[in-house]
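Colleague:
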Amino acid sequence: MDEISLRQEILKGEDSSRQFKREVTNALSLAAEVAAFLNTTGGRIFVGVDRDGVICGLTQQQLEVLNQLVSNASTQNIVPSVGLLTENVTTSDGVVMVITVEDGQDKPYQTSDGFFWVKRGSDKRRVTSRTELRRMFQAGHEVYAESRTVAGTMACPAASTAT
4 MDEISLRQEI LKGEDSSRQF KREVTNALSL AAEVAAFLNT TGGRIFVGVD RDGVICGLTQ
64 QQLEVLNQLV SNASTQNIVP SVGLLTENVT TSDGVVMVIT VEDGQDKPYQ TSDGFFWVKR
124 GSDKRRVTSR TELRRMFQAG HEVYAESRTV AGTMACPAAS TAT
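Just remember that this note's numbering sits 3 ahead of the position in the sequence shown, which is counted from 1.
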């Protein structure tokens, strides 16, 4: 991505596919953002950009720390672990790290503290409804409706092979 493309993306503002972060200092917090993108449709996290879209940039030291945080978040703080793509884009206002999160293939994803997250607009929210969580597992092909016991019904006896 070049500076012009980056600025065009930033001009669109935050939404369900773009998140701006001035800086990231906590792997679990980053993991929650990534899990929300994975459980929705993917997106990008722009680090070094204020919430209002102003590029503040990152120092070389911040980039080094951030690279380690991205690695930790993706392998130790998200279940199942994922691979993330990062790109450092140099601008006249400083360097911005763009973290690309693809739509998750092994949904649902959760953070190491046991929470499931989804994107809703520019914000993420924790999934608290059993119904929504059940749908996430079903969409991820982890649970199948036809193999779930329905309350108040009896299991069908096995068909006999009497002749």
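All C-beta atoms in this analysis are idealised placements derived from N, C-alpha and C, irrespective of residue type, glycine included. None of the values given here were measured: they were computed from a predicted structure.
If you check the beta carbons only, do Ser176 and Gly124 fall under 8 Å apart?
Modeller: Since the displayed the chain opens at 4 and closes at 166, residue 176 lies outside it and no answer follows.
Colleague: Quick check: Val82 and Tyr112, are their CB atoms within less than 8 Å of each other?
Modeller: Within the sequence shown, the letter at position 79 stands for residue 82. Within the sequence shown, the letter at position 109 stands for residue 112. A contact, by the Cβ cut-off of 8 Å.
Colleague: Quick test of your reading: Gly107 and Leu41, contact by CB under 8 Å. State the CB separation rounded to the nearest angstrom.
Modeller: Position 104 of the sequence shown holds residue 107. Position 38 of the sequence shown holds residue 41. 3 Å between Cβ atoms; contact.
Colleague: Helix, strand or coil: which one does DSSP assign to Thr62?
Modeller: Indexing the sequence shown from 1 puts residue 62 at position 59. The answer is coil: DSSP assigns Thr62 none of H, G, I, E or B.
Colleague: Can you give me the Cβ contacts of Asn75 inside the same chain, cut-off strictly under 7 Å, excluding the 5 residues immediately before and after it?
Modeller: Taking the sequence shown and counting its residues from 1, the one referred to as residue 75 is at position 72. Counting only Cβ-Cβ distances below 7 Å, and skipping sequence neighbours, we find Ala30.
Colleague: Measure the alpha-carbon distance for Phe23 versus Thr114 and round it to whole angstroms.
Modeller: Start at 1 with the first residue of the sequence shown, and residue 23 comes out as number 20. Start at 1 with the first residue of the sequence shown, and residue 114 comes out as number 111. Those two C-alpha atoms are separated by around 20 Å.
Colleague: Kindly indicate the opening and closing residues of the alpha helix (DSSP H) around Gln22.
Modeller: Translated into positions along the sequence shown, residue 22 becomes position 19. Here Gln22 belongs to no alpha helix (DSSP H); instead the beta strand (DSSP E) covers 21-24.
Colleague: Please classify Arg2: does DSSP put it in a helix, a strand, or coil?
Modeller: Residue 2 lies beyond the residue range present for the chain, which begins at 4 and ends at 166; the question has no answer from this structure.
Colleague: When every heavy atom of the ligand ATP is checked, does at least one fall within less than 7 Å of the C-beta of Ser8?
Modeller: Of ligands this structure carries none, so the ligand ATP is not represented either.
Colleague: Which whole-angstrom value is the C-beta distance of Ile102 and Val50, which I expect to be below 8 Å?
Modeller: For the purposes of this step, residue 102 is identified with residue 99 of the sequence shown, where counting begins at 1. For the purposes of this step, residue 50 is identified with residue 47 of the sequence shown, where counting begins at 1. The pair is a contact, with the Cβ atoms about 7 Å apart (cut-off 8 Å).
Colleague: Since Glu90 contacts Met4 with CB under 8 Å, what's their CB separation in whole angstroms?
Modeller: The residue labelled residue 90 in the question sits at position 87 within the sequence shown. The residue labelled residue 4 in the question sits at position 1 within the sequence shown. The Cβ separation is near 6 Å, so the contact holds.
Colleague: Under a three-way DSSP split, which group does Phe176 fall into?
Modeller: Residue 176 cannot be examined here, being either before or after the span of the chain that is shown, 4 to 166.
Colleague: Tell me, which residues are paired with Met4 by DSSP?
Modeller: Your numbering for residue 4 matches position 1 in the sequence shown. Per DSSP, none; premise fails for Met4.
Colleague: List the DSSP bridge partners of Val98.
Modeller: To locate residue 98, count along the sequence shown from 1; it is residue 95. Per DSSP, Leu61, Thr93.
Colleague: Sort Gln141, Glu135, Val99 by Cα distance to Glu26 and report the nearest one.
Modeller: Residue numbering aside, residue 26 sits at position 23 when the sequence shown is read from its first letter. Out of Gln141, Glu135, Val99, Val99 has the C-alpha closest to the C-alpha of Glu26.
Colleague: Rounded to the nearest angstrom, what separates Glu12 and Gly155 at their Cα positions?
Modeller: Position 9 of the sequence shown, counted from the start, is the residue given in the question as residue 12. Position 152 of the sequence shown, counted from the start, is the residue given in the question as residue 155. C-alpha separation (whole angstroms): 53 Å.
Colleague: Which of the three DSSP states is assigned to Thr103 in this structure?
Modeller: The count along the sequence shown starts at 1 and reaches residue 103 at position 100. Note: Thr103 maps to strand in three-state DSSP.
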